[in-house]
Amino acid sequence: MLNKGFSEEELFTFFAQKKREDLDHKYILSSMCTLPHPVAVQAHCIFMETNLGDPGLFPGTASLEKLLVRRLGTLFHLPDAGGYATGGGTESNIQALRLFRVLRNELEYPNVIVPESAHFSFKKACDILDLEMRPVPLDPDFRMDADRAAEQVDDNTIALVGIAGTTEYGMVDPIEKLSKIAVAHDLFLHVDAAFGGMVIPFLDRPFPFDFALPGVNTIAVDPHKMGMSTIPAGCLLTREPDMLHALNIDTPYLTVKQEFTLSGTRPGAPVAGALAILDYLGVEGFKATIAGCMKNTARLIAGLETFGIKRAATPNVNVATFVCDKVPDKWRVSWTRQGHLRIVLMPHVHRDRIEAFIQEMGELDA
Ligand code: 0PR
């Protein structure tokens, strides 16, 4: 640490310079996060010092967290769902599997069945929780093969995981089939809708993925992705309102005497941000935003295909993938494990950016 601190001017000159080193969102086509909506930023700033880890000190902020859970539960066809605000999909996925493990603690060698497309957070969860992870191959459309999932079930299986909006190819797993398998074998079913949870409900023809399906026990959804909130804003929802209490540990000197969360100190600011944007845009506003992202996805696919760059998948949500191995330098794209070009059509990726990208792709070999 410095012996004598910088002046404000020195400090913020330095920070401004560091900020300029970050990439311009104009060229970011690889991220599942986006520029937070100004309304979310405004709400976030009001609650900067709040800590949901000690909610008795911040009852107003704590009530916003309850409202957020209620709004998302309602969106997922279960207004009375339980849940809490996490730091994002990783924490939600870890906590869902932790919950199932605790509820089935009689098993010595428990396993969970996940699609090969599962986000790497499940690997972390299984490492931490000492769970055997059983990957299930995908069908030719990059969706979990539900029949192969059923084949993997044995007496030590505690849960199935399905993804609603996969990270790499933007597909929705056959959650309805998984729900039936879960009910038939008395397994827990966790749906990772970290990305798709804020997309699917607003599509013209939504895929079944939520609590309307009887086998779904828990859902992860991230307002800091397609929810356009500030980072870090995730949410874990549970079918039974008190289900998470199975994870309670004693916290004797806090304003609440028990907690089931993974983090201790938890920011209230992004919770306010997440709720603000839901209530500001409403279903109509989200429908318009999602329709725009889906249109842009279709436009990008059609545009690149005119140059013979073939899609790798026809996505269910706004992630486009291509059989292609190069793009002009200034664009930040990503590549799937199978080597496909991957572009996430987030709200900050406006139509003019897509047209510019398509044009430059067309000029690549010219
Ligand atoms: N589940 C799914 C389906 C995800 O896509 C992700 C993250 C997670 C869980 C984990 O969420 P957190 O990262 O919030 O814990 N998907 C993105 C990815 O790994 C996250 C991301 C976002 C990566 C922005 C890069 C980036 O610039 O690709």
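Residue numbering for the sequence shown follows the numbering used here, beginning at 439 and increasing consecutively.
Ideal Cβ placement from N, Cα and C applies to all residues, glycine included.
The structure displayed is predicted, hence computed values, not measured ones.
Would you mind working out which of the options sits nearest residue i, comparing C-alpha positions?
i    : options                   : result
N531 : A556, L545, R508 and Y547 : A556
V477 : T605, S667 and D565       : S667
A714 : L541, H475 and V757       : H475
L576 : N543, T605, D611 and K442 : D611
G706 : N686, P670 and C731       : P670
N655 : L641, V637 and R677       : R677
D630 : R643, V479, T605 and N686 : T605
C731 : L700, R581 and G665       : G665
P517 : R508, A523, F647 and T488 : R508
V479 : A500, A710, L467 and R581 : A710
Q590 : D579, G600, V574 and G608 : V574
E554 : D583, V694 and P548       : D583
F795 : R780, P766 and D803       : P766
R572 : I596, P578, T689 and N543 : I596
P785 : N754, K733 and N594       : K733
K691 : L461, G702 and M486       : First, the amino acid is wrong: residue 691 is Tyr here, not Lys. Of the candidates L461, G702 and M486, the one whose C-alpha sits nearest the C-alpha of Y691 is G702.
A519 : D680, F698, D688 and H778 : D680
I484 : M470, C471, L502 and T752 : L502
N754 : K748, K764, D763 and T735 : T735
P850 : N549, M470, M609 and F560 : Residue 850 lies beyond the stretch modelled for the chain, which goes from 439 to 804, so this question has no answer here.
C762 : Q776, K768 and F496       : Q776
A729 : M636, W773, F760 and T512 : M636
L627 : L651, E459 and G491       : L651
V540 : L682, P493 and T727       : L682
G491 : E697, F453, Y718 and K561 : E697
With DSSP as the reference, please indicate the residues paired to residue i in a beta bridge.
i    : result
W773 : L779
V757 : V782
T524 : G672
E697 : I687
I532 : Partner(s): none; I532 has no beta bridge.
N489 : P705
M681 : Looking at the DSSP assignment, M681 forms no beta bridge with any residue, so it has no partner.
M582 : L576
V637 : Answer by DSSP bridge pairing: none, since V637 is not bridged.
V610 : A602
Check whether the Cβ of residue i lies closer than 8 Å to any heavy atom of the ligand 0PR, and answer yes or no.
i    : result
T819 : One cannot answer for residue 819 here, as it falls past the ends of the chain, which runs 439 to 804.
K725 : no
A478 : no
S469 : yes
F450 : no
A632 : yes
H557 : yes
D660 : yes
E529 : yes
I601 : yes
G730 : no
T703 : no
K663 : yes
G525 : yes
G521 : no
G706 : no
G711 : no
T699 : no
G741 : no
T604 : yes
G494 : no
G800 : no
Which residue marks the beginning of the beta strand (DSSP E) containing residue i, and which one marks its end?
i    : result
R572 : E570 to V574
N549 : N549 to P553
I601 : T595 to I601
Got a sec, what are the start and stop residues for the alpha helix (DSSP H) residue i sits in?
i    : result
V629 : Counting along the chain, V629 falls outside any alpha helix (DSSP H), though it belongs to the beta strand (DSSP E) covering F626 to D630.
V621 : I613 to H623
A751 : No alpha helix (DSSP H) holds A751; DSSP gives it neither H nor E.
I657 : It is not in any alpha helix (DSSP H) - I657 instead sits in the beta strand (DSSP E) that spans T656 to V659.
S559 : S559 to L567
M732 : A707 to E743
R643 : From DSSP, R643 is part of no alpha helix (DSSP H); its letter is neither H nor E.
M799 : R789 to E801
K457 : E446 to E459
H482 : P476 to I484
K504 : P497 to L513
Would you grab the beta carbon distance between residue i and residue j for me? Rounded to a whole angstrom, and I think it's under 8 Å.
i    : j    : result
L598 : L616 : 5 Å
L675 : V659 : 7 Å
G672 : T499 : At roughly 16 Å, the Cβ-Cβ gap does not stay under 8 Å, so G672 and T499 are not in contact.
Y607 : F580 : 4 Å
V787 : L779 : Not confirmed; about 14 Å, so no contact.
I551 : A587 : 5 Å
L802 : K764 : 7 Å
F538 : D648 : That pair is no contact at about 18 Å.
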